[in-house]
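Have a look at the structure below before the remarks.
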Amino acid sequence: MAEIDFEKIGLKVGLEIHQQLDTSKKLFCKCRPIESDEYTEKFSRSLRTAKSELGELDPAALFEKTKSKKINYYANSQSSCLVEKDEEPPHDLDHDAKKISLLISSMLESKIFSEIHVMRKTVIDGSNTSGFQRTMLVSQGGNLKVNGKNVGVQAVCLEEDAAKLLKDEQNERNYSLDRLGVPLVEIALEPVSTKPSEVKEIALTLGRLLRVTRMVKRGIGSIRQDVNISVMNSGVVEVKGVQQLDQLEKIIGYEAKRQHGLILIAEKLKKLSITISNEDVFVITEVFKDCESKIIQKALKSNAKINAIRVRNFSGMFGFEPYSGIRLGKEIGQLVRFFGIGGVFHSDELPNYGINDSYVDKVRKHLELADGDGFLIIAGEDPKLDYAIDSIIKRIQDAANGVPAETRAATQDGETVFLRPRPGASRMYPETDIPSISVMPEEVKLARENIPKSWDDSIAEIQQKYDLNFQLSEQIFDSEYMEMFEKICENKKNSPNFVASILCSSITNLERKGLDAMLLKPEHIIESFELLASGKIPKESLEIIFESIMSGKSENVSIAMQSTDVSSMDEGELDEILDKIIQNNMDLVKERGEHAVVTLMGIAMKEVRGKASGKMVNDLLRKKVSEL
């Protein structure tokens with residue numbers, strides 16, 4: 000099929016930005032918002048659904064409950080207390096978080112309310128120990144100016160961040176409480192009819208507006224985008240957890256294609272007489288008892304039950320691809336995995352996976368299938384198997400209606416996967432432990448009077464102050480290293496151009512090699528530049544030190560220097576090394592003269608391994624070669 004036309008399919012995108020605020024305390028306690036890999040305490044919870052004030056169960060919460068997972072929490076006393084454990088009522092709202100939210104609302108020209116009411120939002124995936132997230136509406140309306148156009152603002156909210164997911168296994172889920180309760184500002188923008196690339200520009204502009212405040216955190220995990228996506232004649236799908244701008248564009252493009260593909264599938268299904276119910280579910284464990292399929296045998300050894308689901312007039316529909324990679328069979332496979340079940344086989348992909356024609360025939364005979372019928376095979380244990388089958392039946396029944404309204408998760412490769420059903424209106428209810436919070440006129444006035452410089456003015460200021468070009472100024476300001484850059488450049492012993500290049504380019508290049516930037520702590524970077532400023536290491540050593548730490552070979556700068564033998568080399572020691580290199584390559588020197596220096600430089604820099612600067616090596620080599 001031809002490239003998708005986003006305008007023709009009626010693509011609409013609504014962006015929600017969740018930005019951590021740079022405060023000294025969490026939102027409802029005095030704990031410091033720091034992250035650590037060391038935990039002093041562990042406890043477990045089992046969260047359950049509860050009816051709202053309307054007497055209804057939230058569909059998203061109900062879905063999470065069917066997974067029946069045990070939730071384990073890991074805590075550190077430096078970053079969490081009884082509030083995070085839900086064993087003590089929340090304290091007063093953090094004043095700094097409130098102040099920053101009012102400032103951001105003012106920057107967006109959003110109407111600030113005179114009272115802030117704290118609400119509870121039901122969340123039972125384990126990311127909140129209490130089973131709910133605290134959130135509060137600060138302002139409504141406003142505009143974000145993007146390339147001369149106004150993008151409407153729906154609302155600005157202040158809320159607490161969720162716990163950090165450590166591990167998600169079949170029957171258990173582990174969280175760290177470090178991040179739970181960290182203040183977040185949530186900004187919801189009006190949906191726009193636009194291209195994915197333009198949504199990326201909107202997100203970039205909003206991110207820059209937040210960064211000019213100098214009151215928000217930076218780096219991976221500190222800002223997340225949730226995207227509400229719909230196409231013509233479809234429901235809204237929310238995609239959660241988009242962390243990178245480049246990823247945002249890919250995900251919107253994929254989801255638009257997926258949704259339009261599901262509409263095309265629905266159009267075909269409406270022409271067929273599809274029937275499916277719980278009466279179409281059959282136990283076929285005995286049919287497969289002698290099957291040599293490794294997947295089937297593994298299921299049987301674990302005492303799993305094997306079921307088949309009959310779908311009348313569905314032949315070819317599981318595998319039908321209106322766009323590459325968009326299939327109903329793939330949708331159902333993703334759905335089933337969330338119940339801790341490996342997956343399903345469908346009739347359009349069989350024989351395969353060790354299931355030969357004879358077993359396909361046996362299944363078809365057992366199910367009494369006609370030529371145009373389809374089927375699914377699924378294995379698992381009760382009650383998860385029953386939940387999964389009920390979900391499959393509903394998904395097939397809904398397929399004729401096009402795109403189900405659901406919540407999906409972003410993947411690293413730019414696709415989306417099923418996460419849970421969309422939450423309902425019944426999941427919000429008032430917080431009973433916190434009274435309404437007044438917003439005084441003088442607080443609003445102070446916020447409006449302290450609106451910071453624009454992003455453009457901030458970039459111009461960086462250019463002038465540090466003598467950087469526009470590109471490098473833009474890179475350092477948009478990066479997570481801006482505050483660190485300023486700190487390193489305070490002593491004026493390190494070149495701002497060099498510092499910015501290392502922070503924006505060298506670390507990124509090491510990441511592209513597969514190294515882990517999370518291992519490189521701010522203190523490692525600052526210490527390395529301090530060593531450079533004091534003349535204890537040459538600038539060539541920085542990347543060597545960073546590589547050693549990011550590869551996991553060294554825990555700190557000192558160990559990295561020892562393991563890589565990094566230190567400053569005096570001219571006398573360097574002189575001996577270069578003499579040896581020249582002697583070993585005398586034929587090259589005689590043949591090419593001073594032009595041989597380029598080749599000799601490469602040999603020398605490998606030999607000195609960051610112990611001497613490139614300039615020092617080059618100058619000495621040229622001097623020695625010219626004297627021959």
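Everything in the sequence shown is counted per numbering that gives the first Met the number 0, starting at 0 for the first residue and increasing by one. Glycine included, C-beta positions come from ideal geometry on N, C-alpha and C.
For A255, the enclosing alpha helix (DSSP H) begins and ends at L244 to L268. With contact defined as three or more Cβ pairs closer than 8 Å, the stretch 498-506 and the stretch 460-477 are in contact. Bounds of the beta strand (DSSP E) holding L136 are F131 to Q139. Excluding sequence positions up to five before and after F338, its CB lies within less than 6 Å of the CB of K383, Y386 and A387, all in the same chain and listed in chain order.
Linking L261 to F374 through their CA atoms gives a straight-line distance of about 19 Å.
Between the stretch 391-410 and the stretch 352-369, the count of C-beta pairs closer than 8 Å stays below three; the two stretches do not touch. Per DSSP, the continuous beta strand (DSSP E) segment holding L375 begins and ends at G373 to G379. In this structure, P190 is the residue among T121, L165, Y174 and P190 with its C-alpha nearest to the C-alpha of G140. A straight line joining the alpha-carbon of T128 with that of N312 spans about 46 Å. Residues of the same chain with a CB within less than 7 Å of the CB of E254, apart from the 5 flanking positions on each side, are I228, V236, V238 and T415 in chain order. Here K199 is buried, its C-beta having at least 16 other C-beta atoms within 10 Å.
Here the alpha carbons of K552 and L531 stand approximately 21 Å from one another. For E590 and E539, the gap between their C-alpha atoms comes out near 30 Å.
In the three-state scheme derived from DSSP, where H, G and I count as helix and E and B as strand, A307 is classed as strand.
Secondary structure of H345 (DSSP, three-state): strand. Straight-line measurement puts the Cα of V556 at about 53 Å from the Cα of S425. Where N508 is concerned, the enclosing alpha helix (DSSP H) starts and stops at I506 to R511. At least 8 Å separates the beta-carbon of G328 from that of G341.
Take P32, set aside five residues on each side of it, and the residues of its chain with a beta-carbon closer than 6 Å to its own are K25 and V181, in chain order.
Going by DSSP, K148 is part of the beta strand (DSSP E) stretching over K148 to E159. In the DSSP assignment, A74 falls within the beta strand (DSSP E) that extends over K69 to A74.
Secondary structure of I111 (DSSP, three-state): strand. Non-local C-beta neighbours of S292 in its own chain, meaning closer than 7 Å and more than five positions away in sequence, comprise Y352, G353 and I354, ordered along the chain. When C-beta atoms of the stretch 109-127 are compared with those of the stretch 151-165, three or more pairs fall below 8 Å, so the two segments count as touching. For the pair of segments examined, the stretch 68-83 was found not to touch the stretch 105-121: the number of CB pairs separated by less than 8 Å stays below three. Looking at A409, E266, L268 and N306, the one whose alpha-carbon comes closest to that of N277 is N306.
Within the model, the alpha-carbon separation for K512 versus A202 is close to 27 Å. In this chain, D389 is not harboured by any beta strand (DSSP E); it is covered by the alpha helix (DSSP H) spanning K383 to A398.
Taking a contact to require three or more Cβ pairs closer than 8 Å, the stretch 215-224 and the stretch 11-25 qualify as touching. The DSSP-derived three-state label of N490 is helix. Between L20 and V215, the CB-CB gap stays under 8 Å. Per DSSP, G534 has no beta bridge partner at all.
Under DSSP, V282 takes part in a beta bridge, and its partners are N306. Across the set S457, N149, S100 and Q169, the C-alpha of S100 shows the shortest separation from the C-alpha of L136. In this structure, the alpha-carbon of Y358 lies about 8 Å from that of C290.
The Cβ neighbour count for H116, taken over all protein chains shown within 10 Å, is under 16; the residue is labelled exposed.
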